[in-house]
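Chemist: When you read off a place in the sequence shown, starting at 1, and then add 4, the result is the number in my numbering.
From the three backbone atoms N, C-alpha and C, an ideal C-beta is built for every residue, glycine too.
Bear in mind the structure is a predicted one, so any value in this text is a computation, not a measurement.
Following this message is one structure expressed as structure tokens.
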Amino acid sequence: MLSEMILPIFSTIALCEGSGTRFCSTAARSPSRHPILPIEFEIPTKRTLDQRRLDAEESQAYRLQEVMALEERRQEAEDRTKQLQLRRKEKYDRRLKPVLLEKGDLALLYDSRHARFPGKLHLRWMGPYKVIEVFPNGSIQLAELTGEWLGTRVNGWRLKKYHV
């Protein structure tokens with residue numbers, strides 16, 4: 005009820021209807037047209053460039069210049085992204101401690117099932133397992149103490165040395 009009384013008083017539609025046209029802007033009603041600001045006549049923008057009567061050669065040269073500038077911006081953005089990723093990687097790698105496991109060592113495997121919702125009394129480490137082989141990419145083949153191999157290799161960062 006309150007909105008029925010206040011909305012017609014203060015809405016722009018109510019002000020534009022009837023004799024209250026002093027606040028009415030027709031540019032806001034049409035979604036396909038936007039008003040051109042006075043500064044856009046002095047400093048050309050993308051909207052007003054098409055209105056400047058360029059001949060075919062000037063128009064083509066301008067478009068080629070815009071495409072070349074776009075390629076340069078893309079290359080700069082790609083370079084910045086690569087630099088940022090390298091800095092993040094270096095910072096992350098500084099915090100990591102190397103896992104020094106060799107063939108024949110005993111290791112505990114982190115149980116990632118409980119990583120998201122760690123309970124107070126959940127066991128976070130499984131094992132111990134015996135290290136069978138260490139690969140150059142950091143993965144490690146494990147086996148049970150009985151000699152059964154685990155089905156897949158394990159990332160070395162998910163292991164810690166088991167001290168007997």
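In the DSSP assignment, the alpha helix (DSSP H) including residue 74 goes from what residue to what residue?
Modeler: Segment 60-99, the alpha helix (DSSP H) holding residue 74.
Chemist: Can you tell me whether residue 96 is buried or exposed, with buried defined as 16 or more other CB within 10 angstroms of its CB?
Modeler: Exposed.
Chemist: Let's test the definition: count the other Cβ atoms within 10 Å of the Cβ of residue 133 and tell me whether it reaches 16, buried, or not, exposed.
Modeler: So residue 133 counts as buried.
Chemist: Kindly list the residues whose CB is nearer than 7 Å to the CB of residue 140, restricted to its own chain and excluding five residues on each side of it in sequence; keep chain order.
Modeler: Once the five neighbours on either side are set aside, residue 140 has no close Cβ partner at all.
Chemist: Following the continuous beta strand (DSSP E) through residue 131, name the residue where it begins and the one where it ends.
Modeler: Unbroken beta strand (DSSP E) run through residue 131: 129-138.
Chemist: Let me confirm a value: residue 81 is counted as buried when at least 16 other C-beta atoms fall within 10 Å, else exposed. Which label applies?
Modeler: Burial call: exposed.
Chemist: For the pair the region 158-165 and the region 113-122, tell me if three or more CB-CB distances fall below 8 Å.
Modeler: Enough Cβ pairs lie closer than 8 Å, so yes.
Chemist: Using 8 Å as the threshold, is the region 121-135 in touch with the region 100-111, meaning 3 or more CB pairs across them?
Modeler: Contact between the region 121-135 and the region 100-111 is present, because at least three Cβ pairs lie under 8 Å.
Chemist: Rounded to whole angstroms, what's the CA-CA distance from residue 170 to residue 149? Just pull it up for me.
Modeler: Nothing about residue 170 can be reported from this structure: the residues present for the chain run from 5 to 168 only.
Chemist: What's the gap between the Cα of residue 84 and the Cα of residue 101?
Modeler: Distance between the alpha carbons of residue 84 and residue 101: 28 Å.
Chemist: From which residue to which residue does the beta strand (DSSP E) around residue 112 run?
Modeler: 110-114 is the extent of the beta strand (DSSP E) around residue 112.
Chemist: To the nearest angstrom, how far is it from the Cα of residue 2 to the Cα of residue 92?
Modeler: In the structure as shown, the chain begins at 5 and stops at 168. Residue 2 is therefore absent and cannot be evaluated.
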